[in-house]
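Peer 1: Residue 566 is where the sequence shown ends in the numbering used here, and the numbering goes up by one at each step.
Heads up, the beta-carbon is just placed ideally off N, CA and C, and yes, glycines get one too.
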Amino acid sequence: GSEVARLAYFGLFALQHRGQESAGIAASDEGHIVTVRDLGLVSQVFDEQKLRALTGEMAVGHVRYSTTGSSAWENAQPVYRHDRRELALAHNGNLINAVELHAELLDRGVSFASTSDSEIIAALLSTHESGSIEEALAETMPRLQGAFSTVVMTTDKLLAFRDGAGLRPLSLGRIGDRWVVASESCAFDIIGAELVREVE
Numbered sequence: 367g368s369e370v371a372r373l374a375y376f377g378l379f380a381l382q383h384r385g386q387e388s389a390g391i392a393a394s395d396e397g398h399i400v401t402v403r404d405l406g407l408v409s410q411v412f413d414e415q416k417l418r419a420l421t422g423e424m425a426v427g428h429v430r431y432s433t434t435g436s437s438a439w440e441n442a443q444p445v446y447r448h449d450r451r452e453l454a455l456a457h458n459g460n461l462i463n464a465v466e467l468h469a470e471l472l473d474r475g476v477s478f479a480s481t482s483d484s485e486i487i488a489a490l491l492s493t494h495e496s497g498s499i500e501e502a503l504a505e506t507m508p509r510l511q512g513a514f515s516t517v518v519m520t521t522d523k524l525l526a527f528r529d530g531a532g533l534r535p536l537s538l539g540r541i542g543d544r545w546v547v548a549s550e551s552c553a554f555d556i557i558g559a560e561l562v563r564e565v566e
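1. Given this structure, state the Cα-to-Cα distance separating VAL351 from MET424, to the nearest angstrom.
2. Can you look up VAL445 in the DSSP assignment and give me helix, strand or coil?
3. Report the option in VAL411, TYR375, HIS457 and GLU485 whose CA atom is closest to the CA atom of SER549.
4. Could you tell me the distance, in whole angstroms, from the CA atom of ARG577 to the CA atom of ALA454?
5. Just to confirm, are ALA489 and ASP529 a CB contact at a threshold of 8 angstroms?
6. Over what stretch of residues does the beta strand (DSSP E) that includes ILE399 continue unbroken?
7. Any idea what DSSP makes of ASP395, helix, strand or coil?
8. Just verifying my parser: in three-state terms, what is the DSSP assignment at LEU461?
9. Starting from the C-beta of ALA464, find all residues in its chain whose C-beta is less than 7 angstroms away, skip the five residues before and the five after it, and write them out in chain order.
10. Tell me the DSSP secondary structure of GLU476 in three-state form.
11. Please report the distance separating the alpha-carbon of GLN443 from that of VAL518.
12. Under 8 angstroms by Cβ, that's how I've got ALA513 and ASN441 pegged, so tell me the actual separation to the nearest angstrom.
13. Please list, in chain order, all residues of the same chain as ARG372 whose beta carbon is under 8 angstroms from its beta carbon, the five residues on each side excluded.
14. Nearest to GLN410 by CA position, among ALA389, ALA393, ILE399 and ALA419, is which residue?
15. Please list, in chain order, all residues of the same chain as ALA380 whose beta carbon is under 6 angstroms from its beta carbon, the five residues on each side excluded.
16. For THR521, which residues in the same chain have their Cβ closer than 7 angstroms to its Cβ, ignoring the five residues on either side in sequence?
17. By the DSSP assignment, the alpha helix (DSSP H) with GLU485 in it spans what residues?
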């Protein structure tokens, strides 16, 4: 049911202090990703009806404060792309080579809906030629310069990664036999998950 989206929703409540500009949740259900995101607080963006629509086995959520990019709806996260592969991505941090990566993608004919670093990372992974998301990520990671912690969800996998220096926090936890990941472990407390370790 909508349990994963509900867990993401409560997790976002605990992380509301990280951003008041926009909130969003994407859920993966039977080979398709559904995304709900809008400007405003978690409590304003989501109601019972919207949470019920977010069914599935995996979910990823995000609250945003404005850094780079205008405070427009397009820059709300999670970012959704469906190029070679379908994915939703949530990201905290800054790419210092964003302009260069953006230009390269435009040269390849990739189109963008926003001005965010998040969509650049999403587009690199979504358009990548490799057979698996793991390979795409392994080849994309060295190209990302800056400080970032990111979660990417395809229709059947959820991956979490951070920059080599580990400048942005990213915690790994467990709830029963399932994995959870969050930018701060206070999101775990509210859903009854236990902290395992930081993503290395």
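Peer 2: So, from the listed chains and residues:
1. Residue coverage of the chain in this structure runs from 367 to 566, which leaves residue 351 outside it and unanswerable.
2. strand
3. HIS457
4. Residue 577 cannot be examined here, being either before or after the span of the chain that is shown, 367 to 566.
5. no
6. 398-405
7. strand
8. strand
9. ASP483 and ILE486
10. Note that residue 476 is Val in the sequence shown here, rather than Glu. In this structure, VAL476 counts as coil in the three-state DSSP scheme.
11. 11 angstroms
12. Rounded, the Cβ-Cβ distance is 18 angstroms, inconsistent with contact.
13. LEU417
14. ALA389
15. CYS552, ALA553 and ILE556
16. SER394, GLY397, HIS398, ILE399 and GLU452
17. 483-492
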